[in-house]
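Chemist: Here the protein sequences line up with chains A and B, keeping their order. Residue numbering for the first sequence follows the working numbering, beginning at 1 and increasing consecutively. Residue numbering for the second sequence follows the working numbering, beginning at 246 and increasing consecutively. Just so you know, even glycine gets a beta-carbon here, dropped at the ideal spot from N, CA and C. All figures in this text were calculated on a predicted structure; none of them were measured in a lab.
2 protein chains.
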Amino acid sequence: MTSENVLEDRVASETVGKKVLIVYAHQEPRSFNGALKDVAVAELSQQGCSVTVSDLYALNFEPRATGKDITGSLSNPGFFNYGVETHEAYKKRSLSSDIIEEQKKLQEADLVIFQFPLYWFSVPAVLKGWMDRVLCQGFAFDFPGSYDDGLLKGKLAILSLTTAGTASMYSKTGVNGDFRYFLWPLQHGTLHFCGFKVLAPQISFGPETASEEERERMVAAWAQRLKTLWEEEPIDCSPSWYFGQ
Amino acid sequence: MTSENVLEDRVASETVGKKVLIVYAHQEPRSFNGALKDVAVAELSQQGCSVTVSDLYALNFEPRATGKDITGSLSNPGFFNYGVETHEAYKKRSLSSDIIEEQKKLQEADLVIFQFPLYWFSVPAVLKGWMDRVLCQGFAFDFPGSYDDGLLKGKLAILSLTTAGTASMYSKTGVNGDFRYFLWPLQHGTLHFCGFKVLAPQISFGPETASEEERERMVAAWAQRLKTLWEEEPIDCSPSWYFGQ
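(1) Quick one: which chain B residues come within Cβ less than 8 Å of Glu28 (chain A)?
(2) Can you find the residues in the same chain that come closer than 7 Å, C-beta to C-beta, to Phe139 (chain A), ignoring five residues on each side of it along the sequence?
(3) Candidates B:Ser483, B:Leu474, B:Pro452, B:Ser485: which alpha carbon is nearest Ala280 (chain B)'s?
(4) If we cut at 7 Å on Cβ distances, does Arg180 (chain A) have a partner in chain B?
(5) Which residues, in chain order, does the segment 123-150 of chain A contribute to contact with chain B at a C-beta distance below 7 Å?
(6) Give, in chain order, every residue of the segment 402-419 of chain B whose Cβ lies closer than 7 Å to some Cβ of chain A.
(7) Sorted by chain position, which residues of the same chain lie with C-beta nearer than 7 Å to Met1 (chain A)'s C-beta, five sequence neighbours on each side aside?
(8) Considering only their Cβ atoms, is the gap separating Ser160 (chain A) from Gln224 (chain A) smaller than 7 Å?
(9) Leaving out five residues on either side along the sequence, give the residues of the same chain with a beta carbon under 6 Å from the beta carbon of Leu363 (chain B).
(10) Indicate the three-state DSSP secondary structure (helix, strand or coil) for Phe427 (chain B) in the structure shown.
(11) Just to confirm before moving on: does the CB-CB distance between Ala303 (chain B) and Lys128 (chain A) stay below 7 Å?
(12) Do we get a CB-CB distance below 7 Å when we pair Pro484 (chain B) with the residues of chain A?
(13) Identify the contact partners of Thr190 (chain A) in chain B, using a Cβ-Cβ distance below 8 Å as the criterion.
(14) Mind pulling the alpha helix (DSSP H) runs of 4 or more residues that sit fully within the segment 393-445 of chain B?
(15) Going by DSSP, what residues sit across from Asp300 (chain B) in a beta bridge?
(16) Does any C-beta atom of chain A lie closer than 7 Å to the C-beta of Phe450 (chain B)?
(17) Can we say the segment 423-439 of chain B touches the segment 174-186 of chain A, given the rule of at least three CB pairs closer than 8 Å?
(18) Going by the beta-carbon positions, is the gap between Ile403 (chain B) and Ile448 (chain B) smaller than 7 Å?
(19) What is the residue span of the beta strand (DSSP E) that Phe277 (chain B) lies within?
(20) As a quick exercise: from B:Glu477, B:Glu461, B:Ser483, pick the residue whose alpha carbon is nearest that of Thr173 (chain A).
(21) Among A:Ser75, A:His87, A:Lys18, which has the Cα closest to the Cα of Gly48 (chain A)?
(22) Residues in the same chain with beta-carbon distance under 7 Å from Gly83 (chain A), minus the five sequence neighbours each way, listed in chain order, please.
(23) Considering just the uninterrupted stretch of the alpha helix (DSSP H) at Leu111 (chain A), what are its terminal residues?
(24) Buried or exposed: which applies to Arg309 (chain B), given that a residue is buried once 16 or more other Cβ atoms fall within 10 Å of its Cβ?
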């Protein structure tokens, strides 16, 4: 038995029964994003994890934050305040069923993987809508109950994303600036805010312009990383990580 | 006539006939965001501008980027690539009518105002969907044709947003970090990418926890700024503006 086998066996024994939620936002099952999602399902299942996928386009997931998200009566029907109404509805268990369903999956998860292509330096709208609607006050955060005390503390999160541009375009001197710059609203403003410990992002740069061999190598690198993901230390989610020299 | 009157008259004469598009994302017409939108319509109309509002929730604007955005046949029906298909559909004039409608408004506009409440350090999903779907390749950018050469060059853009947190929470030493950090994906990665000149953001901090007098003062400050907005120099949209000391 090689030392690598020993490590993998040790990791596997610790990960049996762990719950993983993959929030996946791509329209095409045969896409590169689809391949990254599939390999994550396969690898984590093989480790003994219980893996759930929220396939947002397949679900036709609603991104708009509206009054339809509250099934009961509004606390102030004459003046609609989305944050106030969803906070109240969460407490009264009167959020719409699609939000409740996602909150259940999220509540049970030890690790959440967000798999998406970068759209305008951020998540596609369907995934932004998942964040806007699912991560409501009372469930994901409260006051007090944000950042290190966020209500989802104890959970791990990781962004696994693909870009159109190359790695050099997303460097400090590249046209798009350092990739860490665009991660701030997602990793700090959203995930850290809700209490997640954030693992370093998995960024697959420019798969559309890469060769088939390079694409295969990127998928294999993700599968390989997942073997010991549970051992990783989260990033230090402070401004210096994002904007430091 | 005071010198202020003279200035306003001069500005007004230069702004007659200017076209403004307000992309507005709030569910409640009587909200603070609604008041900021209304005062902008009133002030800019009074200047002689032609003002159009895209009220995204009222339009039930579709945020999801899907195959429904292409009305003709797909160039590759067996493997859906949203960027490729919408680029092709733009050239063949076969994008869905709601996208075409927004592109027409945008094409005509000299100035675009985005009015929205900050959701997770970014725009609400309905507005993210407007960006994902309307700003397609061939229309808003191309290669070459990005950043200073973006296809929407010659136009001005400004983000007018409200926050839940206070200004001190959005300072370099505040829990949310400097407000400029979260502007990067929106101002640089989206607006600058498409060629817009970006004016300094109008941020109304914490209207929900402010007094009625403070809210009125914030609305009045926006109205006052709009009187001479056309005279403003755009920001220097470089990393140092966002992340410098």
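Modeler: Per the coordinate set shown:
(1) Within chain B, the residues near Glu28 (chain A) are Phe324, Phe325, Asn326.
(2) The residues are Tyr90, Gln103, Leu151.
(3) B:Pro452 is the residue among B:Ser483, B:Leu474, B:Pro452, B:Ser485 whose C-alpha sits nearest the C-alpha of Ala280 (chain B).
(4) For Arg180 (chain A), no Cβ of chain B is located within less than 7 Å of the residue's own Cβ.
(5) Correct list: Pro124, Ala125, Val126, Lys128, Gly129, Met131, Asp132, Tyr147.
(6) Here the close residues number zero.
(7) Residue confidence is low: Met1 (chain A) scores 47 on pLDDT, short of 50, so the model does not pin down where it sits. Its coordinate-derived value is still stated next. No residues qualify anywhere along the chain.
(8) Not in contact: Gln224 (chain A) and Ser160 (chain A) (Cβ atoms no closer than 7 Å).
(9) Spatial neighbours of Leu363 (chain B) in its own chain (CB-CB distance under 6 Å, excluding positions within 5 residues in sequence) are listed in chain order as Leu406, Thr408.
(10) DSSP places Phe427 (chain B) in helix when its eight states are reduced to three.
(11) For the pair Ala303 (chain B) and Lys128 (chain A), the CB atoms are not nearer than the 7 Å cut-off.
(12) Nearest CB-CB separation between Pro484 (chain B) and chain A: below the 7 Å threshold.
(13) Ordered by position in chain B, the residues that pass the 8 Å Cβ test against Thr190 (chain A) are Trp365, Phe366.
(14) Fully enclosed alpha helix (DSSP H) runs of 4 or longer: 424-428.
(15) Among the bridge pairs identified by DSSP, Asp300 (chain B) is matched with B:Tyr269.
(16) No, Phe450 (chain B) lies away from the interface with chain A (no Cβ there is under 7 Å from its Cβ).
(17) Output reads yes: the segment 174-186 of chain A touches the segment 423-439 of chain B.
(18) It is not a contact, given that the beta carbons lie outside the stated cut-off.
(19) No beta strand (DSSP E) holds Phe277 (chain B); the alpha helix (DSSP H) holding it covers 277-291.
(20) For the set B:Glu477, B:Glu461, B:Ser483, the Cα lying nearest the Cα of Thr173 (chain A) is the one of B:Ser483.
(21) Of the candidates A:Ser75, A:His87, A:Lys18, A:Lys18 places its Cα closest to the Cα of Gly48 (chain A).
(22) Its chain contains Gln137 as the residues whose beta carbon lies nearer than 7 Å to that of Gly83 (chain A), once the 5 sequence neighbours on both sides are disregarded; these appear in chain order.
(23) Note, Leu111 (chain A): premise wrong, no alpha helix (DSSP H); beta strand (DSSP E) at 111-117.
(24) Buried.
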